[in-house]
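Below is one structure, written out as C-alpha cells; the observations come after it.
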Amino acid sequence: MEARPGLAFQRTGARTLNNHGASGALSSSFPVLSSPKLTDYQEVSVERVPVSNPTDVRPLFSSSSGAVGHIFSSSAGFSSDLQYSTSAPHEKHSRKSPFISQSSNPGATMPLQNCDSGVFKSTASSRYTTENNNDSWCTESVRSYLDGPANSPGVNNQINDSNAVCVIPSEDFSKTSDWQDWADQLITDDEALASGWDTILVDTGGAGPEPQIPQQVSSTPMNFPVQQPQAQQQLPASSGEICTVATPSSSAGGSSTKSRMRWTPELHEAFVEAVNKLGGSERATPKGVLKQMKVEGLTIYHVKSHLQKYRTARYKPEATEGSSERKLTPIEELSSLDLKTGIEITEALRLQMEVQKRLHEQLEIQRNLQLRIEEQGKQLQMMFEKQQKSGLNMVNPSLSNVDKPEAILNSPAKSEPGTLHPEHQPSVDVPDNAIPESEGISAYIKEKQKEPEVEISKDLVSTVVDDSTEQPAKRLKVNE
Amino acid sequence: MKFGKRLKQHIQETFPDWRDKFLSYKNLKQIIPSLSDGSNECGKSEEEFVCLLNCEIEKFNAFFMEQEEDFIIRNKELQQRLGKMIDKWGPMGDQESDIDYKDEMARIRKDVVDFHGEMVLLMNYSNINYTGLAKILKKYDKRTGGLLRLPFIQMILEQPFFITDPISKLIKECESSIDAMFPVAASKKKRKREEEEEAIVVTGGLVFRNTVAALQTMQELRKGSSTYGHFSLPPLKLPDSDFFSSFQLHSPIAIV
Chain A
250 MEARPGLAFQ
260 RTGARTLNNH
270 GASGALSSSF
280 PVLSSPKLTD
290 YQEVSVERVP
300 VSNPTDVRPL
310 FSSSSGAVGH
320 IFSSSAGFSS
330 DLQYSTSAPH
340 EKHSRKSPFI
350 SQSSNPGATM
360 PLQNCDSGVF
370 KSTASSRYTT
380 ENNNDSWCTE
390 SVRSYLDGPA
400 NSPGVNNQIN
410 DSNAVCVIPS
420 EDFSKTSDWQ
430 DWADQLITDD
440 EALASGWDTI
450 LVDTGGAGPE
460 PQIPQQVSST
470 PMNFPVQQPQ
480 AQQQLPASSG
490 EICTVATPSS
500 SAGGSSTKSR
510 MRWTPELHEA
520 FVEAVNKLGG
530 SERATPKGVL
540 KQMKVEGLTI
550 YHVKSHLQKY
560 RTARYKPEAT
570 EGSSERKLTP
580 IEELSSLDLK
590 TGIEITEALR
600 LQMEVQKRLH
610 EQLEIQRNLQ
620 LRIEEQGKQL
630 QMMFEKQQKS
640 GLNMVNPSLS
650 NVDKPEAILN
660 SPAKSEPGTL
670 HPEHQPSVDV
680 PDNAIPESEG
690 ISAYIKEKQK
700 EPEVEISKDL
710 VSTVVDDSTE
720 QPAKRLKVNE
Chain B
20 MKFGKRLKQH
30 IQETFPDWRD
40 KFLSYKNLKQ
50 IIPSLSDGSN
60 ECGKSEEEFV
70 CLLNCEIEKF
80 NAFFMEQEED
90 FIIRNKELQQ
100 RLGKMIDKWG
110 PMGDQESDID
120 YKDEMARIRK
130 DVVDFHGEMV
140 LLMNYSNINY
150 TGLAKILKKY
160 DKRTGGLLRL
170 PFIQMILEQP
180 FFITDPISKL
190 IKECESSIDA
200 MFPVAASKKK
210 RKREEEEEAI
220 VVTGGLVFRN
230 TVAALQTMQE
240 LRKGSSTYGH
250 FSLPPLKLPD
260 SDFFSSFQLH
270 SPIAIV
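From first to last, the protein sequence lines are chains A and B. Quick note on this note's numbering: the first sequence kicks off at 250 and runs consecutively. Quick note on this note's numbering: the second sequence kicks off at 20 and runs consecutively.
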C-alpha cells in the first residue's frame, strides 16, 4: 500500500545517481528508510569530507566572488567525479572541508558577507567542539563501512583553517556540491544507512540563543551521540526505535532539556511494555520506565513528558480524540446527531474517509514530485558544474559563461560517461536562461499524475532531454 | 490566488491551536525588498532572513514531532479500545445487537476517522509549509541572485517535519483497519449526491471541514503560476473537484 510513485522515485533515483546500482536493500520499506538514511548519512559523510589536500582548498577561498565559474567547477568536479566513480579515492580527499561547518550552519554562514565574520567565528568555533566530539567514532564508523579512502585525521584543523577564510560565494558553491554528494552518498550506501535507523539518537535543540539556533536546525540531521558507533552496523532496515535530532550542545554537554525526541511506534511499544511491567501508567515513574526500557540515549526528560502525554491520553480519551476545540460545539453536535440516523452518520463518516484518503494520496504524490523536482534541479546543477569544469579544461571561451546551458549541454555531453546518454543528445534548443528540463519535467509530471503507478524511467535526465526538443509545443500546453 | 493569501485563508480555517505554527510567509516576504542584489554590502537583511528561516524550521520541527508523538500514543490507545471490544464481544462482534456495543463501536469509528483526518492534516501542514519555504527561497534567490535556495532546500528535505513517512505509515495502517473493521456496504451508491453532501455538511466536524479545505487549498495553489519554472508543480487534477468545491465550508458558528 505504499505510495508507488514514491517507491519508484527512490529506486530510480538510486539507479540514476549511482553507477553501482541500487542495492537490494531497497524494498517496500524504502520510504521509511529514507529519513534515517538521510539523517544517518549526513553524519557519516560529514566526517568523510576531511580534506587531505589543503592546497586545493586555499585557492578557492582566496578567489573573489567574480570567479564564480571557477569555484563551481572545482567543487563540482570533485563531487561529480565522486558520483560517477566511487573508486577514485583521491577525488574524495580533495573535497573541501569547510562544507562541514557550512552545512551544519547554513543560517549563520551562508548569507553573511565579510563584515560579519565575527559571527562566523563564534558559531564556527562552537561547531568545532561538536565535530571534535563526534570525530572519533565517526571516523571509525566511516572506515568500517564506507568503501572510501582512509580519512584524514585532520578534519578539525581543516575546518578551522577554511572557516577563518570564508568567502560567501565559495561557501555557497561548495555547499551546493557537497549537499549533492550527500544525497549521492545516501543512495549509494543504503545498507550502512539502513543499519543506522535503530537506536540512533539525535537530539534536536529547542530554542536556544540566537547563534545556536541555526546550528540546531541544520545540524539536526547531522549529529549522532558519541556512544553509538556500533549501532549503525547492526540495525535492520525497517525497524526504527529512536530517532532524535541532536544539537551540538546537547551531544557535547548532555543538556537534555533542550533536546527533542522523535518517537516512533516501536519505541512507544517498548514504553508501554515498560509501563505495564511497572504497574500501569499511574504507578510507573519516569525513572523506573527509563531503567526498564534500557534504550540508550533516552533521557528521563523524554520519558517524563511522554508519560505525561500517555496518562492524559488514557484517562481522558474524549479530550485527546479530537480535543474540544476540534469538535463541533456541544449544541451543534447534539442537534446534528439527533437529526440524522445512524445510517447517515455512517455515510458521513464514509465520505469523510474518502475525502481524507484523497487528500492523503494527493499529499503523497505532491511530496514525491517535490522531492523529484529538487533532485532534478540538483542533478542539473551538477551537470552544469561538470560541464563548466570540462569546458574550462578545454579552454573554450564560449563555455565559461554559465548562462549558456545549451552550449554546455551540447559539446561535453557526448564525452560524458555518466548518467547522461550521449545518443539522446540532439542539439538542444534552449532559450536563454531556461533550463531545458522544465518543460520536460512538467510534461513528464503530468503523465505521472494520470498514472501514479507508472514507474519512472531509469534515466530521467535522458528522458527529459528527449522531451526538451518538443519544448515549444509543451510550453504552450503547460501555460494554459 | 497568491500563496500568501491562500496560506492566510488556510490558517484561518484550520484548528485554532495550529494557527501560529504555520510559516510566517508574510514576514519573510517583507525582508525581501531590503536584500542587496549581489553587491558586496553588509548582509544584515540576509542574516535576518536566514535567522528567521531557521526559527521557522525549528518551529515546524517542534510542532510536528509533538503532534506525531501524540498521534502515536493515540493510535495505540485506539487499537487497545478496539482490542477490548473484540475481546469482550468476540471477533464476530458485529452480530451483536447489544446497544452498548453499537454505541461504543460507533464512537470508536468516529474517533478513528477523525484521528485519520488529523494525521492527514498534519501531513498537509508539513507540505504547505514546505511549499511556502520553497517559494520564499525562490524569491530570495531571484532578488539577490544568490544561491541560498538549493542548499537550503536540501537541508529542509532532511528535517523531521518534512520526513512524513512515519505518519504516512500510521495513516495507511489506520485506513486498512477502518476498511477491515467497518466495511463499506454496497447500498451506499444508490444515495443521491445531494443527500450525501447534506449529511456531510451537517455532521461533518472540524476535522472534516479542514480536510476539504486543505484539498481545495492544494488545488488552488497549483492552479497555475505566473512564474512557472522548473521547480513548479503542475496543476492539480482532482477527478471530483466539483464535488469538493460544492462543499459549504462556511460554518454558521464562527471558528474562534
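Quick reminder that beta carbons are idealized off the backbone N, C-alpha and C, glycines included. All figures in this text were calculated on a predicted structure; none of them were measured in a lab.
Determine, for residue i, whether the minimum Cβ-Cβ distance to residues of chain C falls below 8 Å.
i: residue 543 of chain A; result: Judged by its chain identifiers, the structure shown contains no chain C, and its protein chains are A and B.
With 8 Å set as the bound, which would you pick, yes or no: does the beta-carbon of residue i sit closer than that to a beta-carbon of chain A?
i: residue 183 of chain B; result: yes
i: residue 149 of chain B; result: yes
i: residue 33 of chain B; result: no
i: residue 202 of chain B; result: no
i: residue 136 of chain B; result: yes
i: residue 81 of chain B; result: yes
i: residue 6 of chain B; result: Residue 6 of chain B lies beyond the residue range present for chain B, which begins at 20 and ends at 275; the question has no answer from this structure.
i: residue 343 of chain B; result: Residue 343 of chain B is absent from the model: chain B starts at 20 and stops at 275.
i: residue 22 of chain B; result: no
i: residue 180 of chain B; result: no
i: residue 104 of chain B; result: no
i: residue 124 of chain B; result: no
i: residue 176 of chain B; result: yes
i: residue 161 of chain B; result: no
i: residue 154 of chain B; result: no
i: residue 96 of chain B; result: yes
Could you please give the first and the last residue of the uninterrupted alpha helix (DSSP H) stretch that includes residue i?
i: residue 68 of chain B; result: 63–108
i: residue 186 of chain B; result: 184–200
i: residue 39 of chain B; result: No alpha helix (DSSP H) contains residue 39 of chain B, which DSSP labels as neither H nor E.
i: residue 151 of chain B; result: 118–163
i: residue 522 of chain A; result: 514–526
i: residue 554 of chain A; result: 549–564
i: residue 47 of chain B; result: 44–50
Given that residue i touches chain B, what residues does it touch there, using C-beta distances under 9 Å?
i: residue 539 of chain A; result: Simply none; closest approach about 16 Å.
i: residue 613 of chain A; result: 142, 183, 187
i: residue 618 of chain A; result: 252, 253
Taking only three categories from DSSP, how would you classify residue i?
i: residue 508 of chain A; result: strand
i: residue 537 of chain A; result: helix
i: residue 32 of chain B; result: helix
i: residue 55 of chain B; result: coil
i: residue 543 of chain A; result: coil
i: residue 180 of chain B; result: coil
i: residue 591 of chain A; result: helix
i: residue 21 of chain B; result: coil
i: residue 241 of chain B; result: coil
i: residue 253 of chain B; result: coil
i: residue 641 of chain A; result: helix
i: residue 488 of chain A; result: The predicted model places residue 488 of chain A with a pLDDT of 43, which falls under 50 and marks its position as unreliable, so this point remains unresolved.
i: residue 234 of chain B; result: helix
i: residue 610 of chain A; result: helix
i: residue 626 of chain A; result: helix
i: residue 603 of chain A; result: helix
i: residue 169 of chain B; result: helix
In chain A, what lies closer than 7 Å to residue i by C-beta?
i: residue 42 of chain B; result: Correct list: empty, because the minimum Cβ distance to chain A is about 14 Å.
i: residue 194 of chain B; result: 606
i: residue 26 of chain B; result: Result: empty, since nearest Cβ-Cβ is about 15 Å, beyond 7 Å.
i: residue 128 of chain B; result: 598
i: residue 51 of chain B; result: Here the premise fails: no neighbours, minimum Cβ distance about 13 Å.
i: residue 230 of chain B; result: 604, 605, 608
i: residue 197 of chain B; result: 602
For residue i, would you say it is in contact with chain B, using Cβ-to-Cβ distances shorter than 8 Å as the test?
i: residue 621 of chain A; result: no
i: residue 641 of chain A; result: no
i: residue 636 of chain A; result: no
Against residue i, what residues of chain B qualify as contacts under a CB-to-CB distance less than 7 Å, listed in chain order?
i: residue 553 of chain A; result: Those within 7 Å of residue 553 of chain A in chain B number zero; the least Cβ separation is about 13 Å.
i: residue 631 of chain A; result: Those do not exist, as residue 631 of chain A stays about 10 Å from chain B at its closest Cβ, beyond 7 Å.
Can you pull the chain B neighbours of residue i, defined as C-beta to C-beta under 8 Å?
i: residue 513 of chain A; result: 91, 185
Closer than 9 Å by beta-carbon distance: list the chain A residues that pair up with residue i, in chain order.
i: residue 47 of chain B; result: Under the 9 Å cutoff, chain A gives no residues; its nearest Cβ is about 13 Å from residue 47 of chain B.
i: residue 158 of chain B; result: Correct list: empty, because the minimum Cβ distance to chain A is about 14 Å.
List, in order along the chain, the chain A residues whose C-beta lies closer than 8 Å to that of residue i?
i: residue 190 of chain B; result: 609
Next on the checklist: At a CB distance below 8 Å, what residues from the stretch 519–533 of chain A approach chain B? Give them in sequence order.
Outcome noted: 521
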